[in-house]
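Quick note, the sequences are listed as chains Y and Z, same order. Take 542 as the starting number for the first sequence in my numbering and just add one per residue. Take 542 as the starting number for the second sequence in my numbering and just add one per residue. For every residue, glycine included, the Cβ atom is placed at its ideal position computed from N, Cα and C.
Protein chains: 2
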Amino acid sequence: MLRTLAVAVLLSTASWAGAQDETYTLDEETVEIAHELAETALDSDLAWRITRSLTTEIGPRLAGTPQEERAREWAVAKLKSLAFDNVRVEPFELDLWTRGRSIYEEVAITAPYPQEVYGISLGGAAATPEQGLEAELAFFDSFDDLLAFEGVEDALEGKLVFVNDRMVAARGGEGYGWANRKRREAWREAEDRGAVGVLIRSVGTSSNRFAHTGMMGFPDGRLPEIPALAVSAPDADQIQRVHESGQTLRMRLRTYAGWRGEVLSGNVIADIEGAEAPEEVVIIGAHLDSWDTATGALDDGAGVGIVTAAARLIAESGHRPRRTIRLVLFGSEEVGLVGARAYANARLRDGTLENHVIGSESDFGARKVWRLSSNVGEHALPFFTAMHREMQHLGIVRGGNEGGGGPDMIPLQYMGMPVARLEQNGEDYFEFHHTPNDTLDKISPEEMAQNVAAWVMFTWFLADSEMDFRPQSEETVSE
Amino acid sequence: MLRTLAVAVLLSTASWAGAQDETYTLDEETVEIAHELAETALDSDLAWRITRSLTTEIGPRLAGTPQEERAREWAVAKLKSLAFDNVRVEPFELDLWTRGRSIYEEVAITAPYPQEVYGISLGGAAATPEQGLEAELAFFDSFDDLLAFEGVEDALEGKLVFVNDRMVAARGGEGYGWANRKRREAWREAEDRGAVGVLIRSVGTSSNRFAHTGMMGFPDGRLPEIPALAVSAPDADQIQRVHESGQTLRMRLRTYAGWRGEVLSGNVIADIEGAEAPEEVVIIGAHLDSWDTATGALDDGAGVGIVTAAARLIAESGHRPRRTIRLVLFGSEEVGLVGARAYANARLRDGTLENHVIGSESDFGARKVWRLSSNVGEHALPFFTAMHREMQHLGIVRGGNEGGGGPDMIPLQYMGMPVARLEQNGEDYFEFHHTPNDTLDKISPEEMAQNVAAWVMFTWFLADSEMDFRPQSEETVSE
Chain Y
542 MLRTLAVAVL LSTASWAGAQ DETYTLDEET VEIAHELAET ALDSDLAWRI TRSLTTEIGP
602 RLAGTPQEER AREWAVAKLK SLAFDNVRVE PFELDLWTRG RSIYEEVAIT APYPQEVYGI
662 SLGGAAATPE QGLEAELAFF DSFDDLLAFE GVEDALEGKL VFVNDRMVAA RGGEGYGWAN
722 RKRREAWREA EDRGAVGVLI RSVGTSSNRF AHTGMMGFPD GRLPEIPALA VSAPDADQIQ
782 RVHESGQTLR MRLRTYAGWR GEVLSGNVIA DIEGAEAPEE VVIIGAHLDS WDTATGALDD
842 GAGVGIVTAA ARLIAESGHR PRRTIRLVLF GSEEVGLVGA RAYANARLRD GTLENHVIGS
902 ESDFGARKVW RLSSNVGEHA LPFFTAMHRE MQHLGIVRGG NEGGGGPDMI PLQYMGMPVA
962 RLEQNGEDYF EFHHTPNDTL DKISPEEMAQ NVAAWVMFTW FLADSEMDFR PQSEETVSE
Chain Z
542 MLRTLAVAVL LSTASWAGAQ DETYTLDEET VEIAHELAET ALDSDLAWRI TRSLTTEIGP
602 RLAGTPQEER AREWAVAKLK SLAFDNVRVE PFELDLWTRG RSIYEEVAIT APYPQEVYGI
662 SLGGAAATPE QGLEAELAFF DSFDDLLAFE GVEDALEGKL VFVNDRMVAA RGGEGYGWAN
722 RKRREAWREA EDRGAVGVLI RSVGTSSNRF AHTGMMGFPD GRLPEIPALA VSAPDADQIQ
782 RVHESGQTLR MRLRTYAGWR GEVLSGNVIA DIEGAEAPEE VVIIGAHLDS WDTATGALDD
842 GAGVGIVTAA ARLIAESGHR PRRTIRLVLF GSEEVGLVGA RAYANARLRD GTLENHVIGS
902 ESDFGARKVW RLSSNVGEHA LPFFTAMHRE MQHLGIVRGG NEGGGGPDMI PLQYMGMPVA
962 RLEQNGEDYF EFHHTPNDTL DKISPEEMAQ NVAAWVMFTW FLADSEMDFR PQSEETVSE
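In structure tokens:
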């Protein structure tokens, strides 16, 4: 562990040699307060208690459902009880998709070796006919094989397409994007080739017999007319073994998923008003909604706990930062960043977008923060170097300057807002993520406290500065 | 690890000091053949391939169901293909219990925080009414609290009783028996107090969101008239948190479980006939049936693979032991050792019981064997000491002389047959046991090969000896 860290620090020092030439000196009192805040945070279990409250008192909270509405009510009450005095909800419209009757859906192998297996509809999928459907499986070892498949005419007509790609585990979740292609795109390739349904090996790295759900992709608004499910990794293994034996495999599905029309969702917002430049906003966030099969403790109950506790600890410290800190608990993240888009569009309309000096979200579980990355103008890198130096004692290394600020920061970043991120250790995140296993017992209060310590320092430094983090025009040109 | 082993060896040497005084010298050729067999076993993946075949081609195989019948047919065909030439099925009758429509049963919290949870009927439970039932929960932190509960008259009338004891993880599974009391007995205590159903925190040590099924106890033949379920540990945590908040919790159940009348099950038997004393039998076994929610890879597909491979490697070695080695793949173990009782009773009837010189079963997963224990006459202990010495290079320590030989050996042991056991490392066994997670991917072929190496030596030594392992009359008296 120590060796790995040492190497990482060396590499990062080397690649930042240019930026290191310039130095930035943080205000002495700002630094002192940041350390005070971090010490308080390390001794506090507030974040964990907030997450416990959300996951117990609301439980699963799928975007657009009455459960998500209860989560908003919970958030408003919780923020008021934590002495935020300007809590508000910004509603927005959403096309609702739900699983239908139950989180238990019927998936079975019917031939050659009949057995029930564990599967779950992907977000956006259509239902089977009421009585279910049964069909032969067409096995594809990878999504690329499906893309390349020409076959004889109608070779997939009436079949269930199965796509078997496996996700690679990595600390930063680097395997997720690639593995998700099949989740997002396979339905369309299958449907266009006449398939009656599509099944994928569960995304995620778990060998638990749970399937990983998640939204499919609808880039042009076209919606699937066929059921689309993930099956758990051990069941995908079983399917693969039968396929390799050369036998014809048939499966039966019965699901009730579908689109239910337009409903309201919303973002919950609270501000800590800045002392000197209240119109300048540092935005920190997390998302309130979760998938429906679990209580969403890691995704993103933990994020809600971490950023809310960080804001609260700053608010109650008696110190007031220069700029406004805005806490946003986004709605409907899981179904396509709908709350984040609504927030960004509203800021575009009300003209406050360019006042958003920088933003960041906590949405990668509850393990410790190990790296501080940024995506800011080059002139601001010495500021990050100086800020990082103060945070090193928390076990945090300095990362690159090309990344994002978390999913709900994407629309704002797209519109030009600088972002930064406190990257969490995600080596086991995809063991639990989007499965029934995402529950409170997977969280360590101690690791959460380290997160809050990092977030109070980070938020405080960003909010108590005068730095403009946007690339300056000559920087943009020089790139 | 090395330190632990060293301490264990010292302790065992100390406690066996008396037995060590006498020594036993194994036949030189017997020892040579045992080592040959072990080397072959360590290079073989036969056991894993047998387990792979059973779990893939049959899958779940609940006692008394058509799936268990297919497993018997599979076993007969497999043993014949492995050149056993006297394979036979001994049928017996069984009262069939099944879950009904599906392995997915409906369990939900309805108040104060509505959410579906993960639960599963316990073996022997009754169904809910067709439309389901909904009732208030009466929370008991432990089974002892339920036993001691007097309350006001009818305090549990119409309620769902919940029992929350937690199981302790240990290498030998020592926490299982105690934790199982609630599984076996809580239904009766609840029913007698007027409850409409009983729920327990899942037995097992897993924090996965799966519930652990298993048979309840019916010591006097009385059967439950109420539904009885286990809920997963994270859901039990959720229930506990609501209980601790002082609020009334209500749940809804809908299950279809029940007893279905008498059916046939059976044991599958094959012999390697002894060269000099064919009437003397060393019995080695495992069980064919599994629970219905998984493919029973660890419980007991692995045991089937291990003992079958061990018998096959001895049979194909060209060496013939003095005594007969009998391989028994028992039916209907999970539902009350029904196959083991049938086997023992049949031996009592046909007069061959006393020819069973010793027996052992592999039924504790697929991790390495770490200890050799026995329950034999004191005069036979030097034989075990000598045998153990030859097996030490496999990483096996010598255990005590008070244990059992595995579940399916209990009826024979009860009738006087000596037993021994190759104890496996069970530290993670109850993470998977009796849950949907008991699948092939949890097994390491290398650990299985070590098991087979231990089993070929053990079986060969026992079968190629003249030792009478029964306590001699003066030993029995002296105890």
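Close-in-space but distant-in-sequence residues of the same chain around T566(Y) (CB under 8 Å, 5 per side omitted) = A927
Short CB-CB distance (under 8 Å) between A597(Z) and chain Y = Residue identity check: residue 597(Z) is Thr in the sequence provided, not Ala. So yes, T597(Z) belongs to the interface.
query = Does the Cβ of R939(Z) have 16 or more other Cβ atoms within 10 Å, making it buried, or fewer, making it exposed?
reply = Label assigned to R939(Z): buried.
query = Leaving out five residues before and five after L620(Z) in sequence, what residues of the same chain have Cβ atoms less than 6 Å from its Cβ?
reply = Leaving aside the five residues that flank L620(Z) on each side, the residues in its chain whose CB is nearer than 6 Å to its CB run, in chain order, V628, A811.
CA-to-CA distance, Q779(Y) to E715(Z), given in whole angstroms = 32 Å
message = Quick check on I644(Z) - is its C-beta less than 8 Å from some C-beta in chain Y?
response = yes
task = Look at P862(Y) and A1004(Y) and say whether their C-beta atoms are less than 8 Å apart.
result = Contact flag set, yes.
Cβ pair count under 8 Å reaching 3, the segment 653-671 of chain Y against the segment 699-706 of chain Y = no
task = At 3 residues or longer, and completely inside the segment 756-813 of chain Y: list those beta strand (DSSP E) runs for me, N to C.
result = 769-772, 791-795, 799-813
ask   = Under the rule that 16 or more other beta-carbon atoms within 10 Å means buried, what is L688(Z), buried or exposed?
value = By the neighbour-count rule (16 or more Cβ atoms within 10 Å), L688(Z) is not buried but exposed.
ask   = What do you reckon, are the CB atoms on E598(Y) and W615(Y) nearer than 8 Å?
value = yes
key: DSSP bridge partner residues for A961(Z) (one or two, in chain order)   = Under DSSP, A961(Z) forms a beta bridge with S915(Z).
request  = Under 6 Å Cβ to Cβ from A798(Z), same chain only, skipping five residues before and after it: list those, please.
outcome  = R640, G641, S662, A666, A668
query = For the candidate residues G946(Y), F633(Y), A885(Y), whose alpha-carbon lies nearest to that of S915(Y)?
reply = G946(Y)
message = Contact defined as beta carbons within less than 8 Å: I believe P653(Y) pairs with Q788(Y). What is the distance between those atoms, to the nearest angstrom?
response = 5 Å
key: Among E569(Z), R602(Z), A624(Z), the one whose alpha carbon lies nearest that of S858(Z)   = Residue nearest to S858(Z) within the set E569(Z), R602(Z), A624(Z) is A624(Z) (criterion: CA-CA distance).
task = Over the uninterrupted beta strand (DSSP E) stretch that includes E677(Z), give me the two end residues.
result = 674-681
key: Below-8 Å beta-carbon distance, E614(Z) vs any chain Y residue   = no
key: Span of the alpha helix (DSSP H) around H576(Z)   = 569-583
ask   = Interface residues of chain Y around G981(Z) at Cβ under 9 Å?
value = Checking the sequence shown, residue 981(Z) turns out to be Leu, not Gly. Neighbours of L981(Z) on chain Y, chain order: P775, D778, Q779, R782.
message = Distance cutoff 8 Å, beta carbons only. Does Y797(Z) sit that close to anything in chain Y?
response = no
message = I'd like to know whether the C-beta of P986(Y) is nearer than 8 Å to at least one C-beta of chain Z.
response = Judged by the 8 Å Cβ criterion, P986(Y) is not in contact with chain Z.
message = I want to verify the contact list: residues of chain Y whose CB lies under 7 Å from the CB of P768(Z), in sequence order.
response = Going along chain Y, no residue has its Cβ under 7 Å from P768(Z), so there is no contact; the nearest lies around 17 Å.
request  = Using 10 angstroms around the beta-carbon of F1010(Z), count the other beta-carbons present and answer buried if the total reaches 16, otherwise exposed.
outcome  = buried
Alpha-carbon spacing of G846(Y) relative to S585(Z), whole angstroms = 52 Å
query = In or out: E573(Y) buried (at least 16 other Cβ within 10 Å) or exposed?
reply = Around the beta-carbon of E573(Y), fewer than 16 other beta-carbon atoms lie within 10 Å, marking it exposed.
key: Through-space distance from R864(Y) to G967(Y), alpha-carbon basis   = 31 Å
message = Against chain Y, does S748(Z) count as a neighbour if the rule is that its beta carbon must be under 8 Å from one of theirs?
response = yes
query = Would you say R1011(Z) faces chain Y, with C-beta separation under 8 Å as the test?
reply = no
message = Please report the straight-line C-alpha distance between K909(Y) and A850(Y), rounded to a whole angstrom.
response = Rounded to the nearest angstrom, the two C-alpha atoms are 15 Å apart.
message = At a CB distance below 9 Å, what residues from the segment 865-891 of chain Y approach chain Z? Give them in sequence order.
response = none
request  = Pick helix, strand or coil for W728(Z), following the three-state DSSP scheme.
outcome  = helix
ask   = Does the segment 981-995 of chain Z come close enough to the segment 724-738 of chain Z that 3 or more CB-CB pairs lie under 8 Å?
value = no
ask   = Taking Cβ positions only, does P948(Y) come closer than 8 Å to chain Z?
value = Judged by the 8 Å Cβ criterion, P948(Y) is not in contact with chain Z.
message = Quick check: the segment 947-961 of chain Y against the segment 879-898 of chain Y, are at least 3 beta-carbon pairs closer than 8 Å?
response = yes
key: Identity of the residue in L578(Z), V658(Z), D833(Z) nearest Q991(Z) by Cα   = Looking at the Cα atoms, L578(Z) is the closest of the given residues.
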